[in-house]
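Protein chains in written order, with the numbering used here: chain A, 1 to 337; chain B, 1001 to 1337.
One structure below.
Number of protein chains: 2
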Amino acid sequence: MNSIKPYIIGIDIGGTKLATVVADTEGTILRKLRWPTDSQRGPDAIVDSLIEMAHLTLSEVGVNMADVAGVGVSCGGPLDTETGVVYSPPNLPGWDAYPLKDKLGSALEIPVIIENDANAGGLAEWMFGAGQRCRYMLYMTMGTGIGGGIVIDGQIYHGANDSAGEVGHQILIPEGPLCGCGQRGCLEALCSGPSIARRARELIAHDPDTLILELAGGRLESVRTEFVVQAAHEGDALALKLLDQTAYYMGWGIANLVNILNVEVIVLGTVAVAAGSLLLEPMNRYMRRFAMSRPAEVAQIVPAQLGELVGDLAAVALVIADQIERTRSGTNSTLSQ
Amino acid sequence: MNSIKPYIIGIDIGGTKLATVVADTEGTILRKLRWPTDSQRGPDAIVDSLIEMAHLTLSEVGVNMADVAGVGVSCGGPLDTETGVVYSPPNLPGWDAYPLKDKLGSALEIPVIIENDANAGGLAEWMFGAGQRCRYMLYMTMGTGIGGGIVIDGQIYHGANDSAGEVGHQILIPEGPLCGCGQRGCLEALCSGPSIARRARELIAHDPDTLILELAGGRLESVRTEFVVQAAHEGDALALKLLDQTAYYMGWGIANLVNILNVEVIVLGTVAVAAGSLLLEPMNRYMRRFAMSRPAEVAQIVPAQLGELVGDLAAVALVIADQIERTRSGTNSTLSQ
């Protein structure tokens, strides 16, 4: 990639929406386009849309493809970052060993970097958000699932086959609740948004005197994690108990991760951002209780800072990090020929 | 360090024995000296012994200090690899913030690298043993404790303050048996040598009809893990049950590590080496049952290969890895001036 080229295209492929952005190499987003994914159309049709969107976004800011350094793509995994092949992400039916990088690369004729969304999101939080200036960072989404991204010295840690950082599938209780992955008692099966809601419904079934149920219109099946968080902010006892349980499991799981990875900053998304210190304060406490003192000394769990922007910045950050790495390793000149 | 200098001194500081070796830069050990630690003497006296031993070992092979590239020191942690300060290892009373690197360096007048024994042992298994030619390796001792060392691309992963790889203190059961670290239900409290013996005694107290008890001379308090392994090799049902429990906990814990680190080879020491496939076969099976399929695909738990040599080779490997890294990063010429 040529570091002289001043623009970057970012592509965020979600299960319900597609986004393309044009940014400069500082990460400033100049333009954004958002279309529904309509995931039933299959990968080829979605890639056609993405190509159209990329050209449209560029033309809206008056930039030529010749001035674009590269395309960063944030997408559900599993995927192979080297070959650029995507393997059946749960949110994208029909993407079975789909050569995303090749398809986009040959259509757009510029270098493409693909990355799973949790890794790319972690990189964005490191570059622009809560993990700035730290050498050892762990990012954990805390939304529909608990994805993870390990960022060391500004680079994503991929592991042997791009499967590292699956921290949400750390099994805490082998006889615990069923997880989407097929196992039982994963951190994700205890603390993802839907899992917190499930635990809330279980508790409310026995103890319906709670603001959570009121916020759900009195319907147990309508209980969502947002209502738990909202009720906790208003001091509801059951909601606070649910957040404390969540903090316990997360603190325990993160303590294990702190002992293994010795990271300085653990950046948590979605639910942690919404709940704030109600969740993060006890979570940090449990983490310190369960972790060894030396790694715990330097570790801090903090809320993510990028909010809704994370997907766009994730895609853009991939290209910027690649440029930094190429400069550092001295391979820039070769590739920009 | 000057890569032209053909010899390396390795120092292994254990709670009961001290060892110095002289090796060439291929890792061939030319001479070894072993003295008791007598740990009550305190660090200064031990360092005096080590300096004497180093000179003695060198003179026995007729090598001058001027031909030694550096000293690698494998020592109980926690310690700071940069400053070379050792912080109260459990097996070395009185070593409280002791500046080991400075003391050795100023006495021997050559560069010193210090490293905790589990990390250094992992590096040795990567360089000379079961982890050769793999990019992502995890080493786990399985002796008195369960130490861990993460080796990526031939370099030890240290984390933010040299505390990474404490995989033995992954908490599996917060209400489980007490661990030496003060927590409950750590992997170490379930599967270290002494922990297996403790579980054996608990089971035998209720079910004394086992070869294990016979091997222990009929005395419950004399039951040791060696007897469990020996009885298992002879088909004893209780011993096999104990190994299966051990394999279950280890397989569960390693599955979590595989999901997080996506390593290819997990090298296990001591007990795993003694028990062999009786332990490793079910452990690999449990690991695959609990890990996600993609990281599990490339992961394999194998026995360590260096046996008693690990401590000596650990110390030597530190200097060799440092030389490789300096050559790779181009800092060799600067430092060898």
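We put the beta carbon where it would ideally sit given N, CA and C, even for glycine.
On a predicted model such as this, the values are computed, not experimentally measured, just so you know.
Which of the three DSSP states, helix, strand or coil, is assigned to residue 186 of chain A? Sequence index remark: in the first sequence, residue 186 of chain A carries index 186 (1-based). Three-state DSSP puts residue 186 of chain A in a strand.
Going along chain C in order, which residues have a C-beta closer than 8 Å to the C-beta of residue 1078 of chain B? No chain C appears in the structure shown, which is made up of the protein chains A and B.
How would you write the range of the alpha helix (DSSP H) that residue 248 of chain A sits in, first residue to last? The residue labelled residue 248 of chain A in the question sits at position 248 within the first sequence. First-last of the alpha helix (DSSP H) with residue 248 of chain A: 237 to 261.
Which of helix, strand or coil does DSSP assign to residue 1336 of chain B? Mapped onto the second sequence, residue 1336 of chain B falls at position 336. Because the pLDDT at residue 1336 of chain B is just 36, under 50, the model does not fix this residue reliably, and the point stays unresolved.
Of the residues A/226, A/185 and A/159, which one's Cα is nearest the Cα of residue 1295 of chain B? Numbered from its first residue, the second sequence carries residue 1295 of chain B at position 295. Residue A/159 is the option with its Cα nearest to residue 1295 of chain B.
Determine the contact status of residue 1075 of chain B and residue 1117 of chain B, defining contact as a CB-CB distance below 8 Å. Locating residue 1075 of chain B in the second sequence gives position 75, counting from the first residue. Locating residue 1117 of chain B in the second sequence gives position 117, counting from the first residue. Yes. Within cutoff.
Is the Cβ of residue 1119 of chain B closer than 8 Å to any Cβ of chain A? Within the second sequence, residue 1119 of chain B is the residue found at index 119, counting from 1. Taking Cβ atoms only, chain A never reaches closer than 8 Å to residue 1119 of chain B, which makes this a no.
Closer than 8 Å, CB to CB, is residue 1161 of chain B near chain A or not? As a working note, residue 1161 of chain B is residue 161 in the second sequence. Judged by the 8 Å Cβ criterion, residue 1161 of chain B is in contact with chain A.
Determine the extent of the alpha helix (DSSP H) in which residue 1198 of chain B is found, giving its start and end residues. If you number the second sequence from 1, residue 1198 of chain B lands on position 198. Per DSSP, residue 1198 of chain B belongs to the alpha helix (DSSP H) from 1193 to 1206.
The segment 1234 to 1243 of chain B / the segment 1273 to 1291 of chain B touching (three or more Cβ pairs under 8 Å): yes
Please give the ranges of any alpha helix (DSSP H) in the segment 1028 to 1090 of chain B, keeping only runs that are unbroken, at least 4 residues long and fully inside the region. 1043 to 1061
If you measure between the beta carbons of residue 1121 of chain B and residue 1139 of chain B, is that distance less than 8 Å? For the purposes of this step, residue 1121 of chain B is taken as residue 121 along the second sequence, with counting starting at 1. For the purposes of this step, residue 1139 of chain B is taken as residue 139 along the second sequence, with counting starting at 1. Yes. Within cutoff.
Show which residues of chain B have a CB atom less than 8 Å away from the CB atom of residue 171 of chain A. As a first step, residue 171 of chain A must be located in the first sequence, where it is residue number 171. Going along chain B in sequence order, the residues near residue 171 of chain A (Cβ under 8 Å) are 1252, 1255, 1256 and 1290.
With DSSP as the reference, label residue 1351 of chain B as helix, strand or coil. Here chain B comprises residues numbered 1001 to 1337, so residue 1351 of chain B is not present and cannot be evaluated.
For residue 262 of chain A, which residues from the same chain have a beta carbon less than 6 Å from its beta carbon, with the 5 sequence-adjacent residues on both sides left out? Numbered from its first residue, the first sequence carries residue 262 of chain A at position 262. Correct list, in chain order: 295.
Take residue 1081 of chain B and list the residues in its own chain whose beta-carbon comes closer than 7 Å to its own, dropping the five residues that flank it on each side. The residue you call residue 1081 of chain B lines up with position 81 of the second sequence. Here the set comprises 1114, 1115, 1158 and 1162.
Residue 1319 of chain B (DSSP reduced to helix, strand or coil): Stepping through the second sequence from its first residue, residue 1319 of chain B is reached at position 319. The answer is helix: DSSP assigns residue 1319 of chain B an H, G or I state.
Hey, out of B/1056, B/1089, B/1033 and B/1302, whose CA is closest to residue 1309 of chain B's CA? Here residue 1309 of chain B refers to the residue found at position 309 of the second sequence. Per the Cα distances, B/1033.
For residue 1300 of chain B, which of helix, strand or coil comes out of DSSP? Here residue 1300 of chain B refers to the residue found at position 300 when the second sequence is read from its first residue. DSSP places residue 1300 of chain B in strand when its eight states are reduced to three.
I want to see whether chain A comes within less than 8 Å of residue 1131 of chain B, judged by CB atoms only; does it? Along the second sequence, one-based indexing puts residue 1131 of chain B at 131. Judged by the 8 Å Cβ criterion, residue 1131 of chain B is not in contact with chain A.
What I want to know is whether the C-beta of residue 285 of chain A ends up closer than 7 Å to one or more non-hydrogen atoms of the ligand SAM. The model depicted lacks the ligand SAM and carries no ligand whatsoever.
Could you run through the segment 174 to 203 of chain A and flag, in chain order, every residue whose CB is less than 7 Å away from some CB of chain B? 174, 181 and 183
Roughly how many angstroms separate the alpha carbons of residue 239 of chain A and residue 144 of chain A, rounded to a whole number? For the purposes of this step, residue 239 of chain A is taken as the residue at position 239 of the first sequence. For the purposes of this step, residue 144 of chain A is taken as the residue at position 144 of the first sequence. Residue 239 of chain A and residue 144 of chain A: Cα-Cα distance of roughly 19 Å.
Within 8 Å (strictly less), CB to CB, does residue 139 of chain A reach chain B? On the first sequence, residue 139 of chain A is found 139 positions in, with the first residue counted as 1. It does not: the Cβ of residue 139 of chain A has no partner Cβ on chain B nearer than 8 Å.
Could you tell me whether any Cβ in chain A is nearer than 8 Å to the Cβ of residue 1002 of chain B? Stepping through the second sequence from its first residue, residue 1002 of chain B is reached at position 2. Model confidence at residue 1002 of chain B stands at a pLDDT of 46, short of 50, so the residue's coordinates are unreliable; what they give is reported in the following sentence. Output row for residue 1002 of chain B: interface = no.
Under 8 Å, Cβ to Cβ, is there at least one residue of chain A near residue 1262 of chain B? For the purposes of this step, residue 1262 of chain B is taken as residue 262 along the second sequence, with counting starting at 1. So yes, residue 1262 of chain B belongs to the interface.
In the DSSP assignment, find the unbroken beta strand (DSSP E) run with residue 1103 of chain B in it and report its ends. Residue mapping note: residue 1103 of chain B aligns to position 103 of the second sequence, counting from 1. Run containing residue 1103 of chain B: none in the beta strand (DSSP E); it sits in the alpha helix (DSSP H), 1100 to 1108.
C-alpha distance - residue 8 of chain A paired with residue 313 of chain A, whole-angstrom precision: Sequence index remark: in the first sequence, residue 8 of chain A carries index 8 (1-based). Sequence index remark: in the first sequence, residue 313 of chain A carries index 313 (1-based). In a straight line, the C-alpha of residue 8 of chain A is about 11 Å away from that of residue 313 of chain A.
Which residues in chain A have a C-beta closer than 8 Å to the C-beta of residue 1098 of chain B? List them in chain order. As a position in the second sequence, residue 1098 of chain B is number 98, starting the count at 1. Going along chain A, no residue has its Cβ under 8 Å from residue 1098 of chain B, so there is no contact; the nearest lies around 16 Å.
Proximity below 8 Å, CB of residue 46 of chain A to CB of residue 37 of chain A: The residue given as residue 46 of chain A occupies position 46 in the first sequence. The residue given as residue 37 of chain A occupies position 37 in the first sequence. Result yes, Cβ atoms of residue 46 of chain A and residue 37 of chain A sit closer than 8 Å.
If I measure Cβ to Cβ from residue 95 of chain A and keep anything under 7 Å in the same chain, skipping five residues before and after, which residues do I get? Translated into positions along the first sequence, residue 95 of chain A becomes position 95. Counting only Cβ-Cβ distances below 7 Å, and skipping sequence neighbours, we find 43, 86, 88 and 89.
Endpoints, alpha helix (DSSP H) assigned at residue 1209 of chain B: Against the second sequence, residue 1209 of chain B aligns to sequence position 209. Unbroken run through residue 1209 of chain B: none, as it is neither H nor E.
Contact criterion: CB-CB distance below 8 Å. Does residue 135 of chain A meet it with respect to chain B? As a first step, residue 135 of chain A must be located in the first sequence, where it is residue number 135. Interface residue, yes.
Taking three-plus beta-carbon pairs below 8 Å as touching, is the segment 197 to 206 of chain A in contact with the segment 216 to 227 of chain A? yes
Is the CB of residue 1319 of chain B under 8 Å away from at least one CB in chain A? As a position in the second sequence, residue 1319 of chain B is number 319, starting the count at 1. Closer than 8 Å: no.
Span of the alpha helix (DSSP H) holding residue 1267 of chain B? Sequence index remark: in the second sequence, residue 1267 of chain B carries index 267 (1-based). Not the alpha helix (DSSP H): residue 1267 of chain B falls in the beta strand (DSSP E), residues 1265 to 1268.
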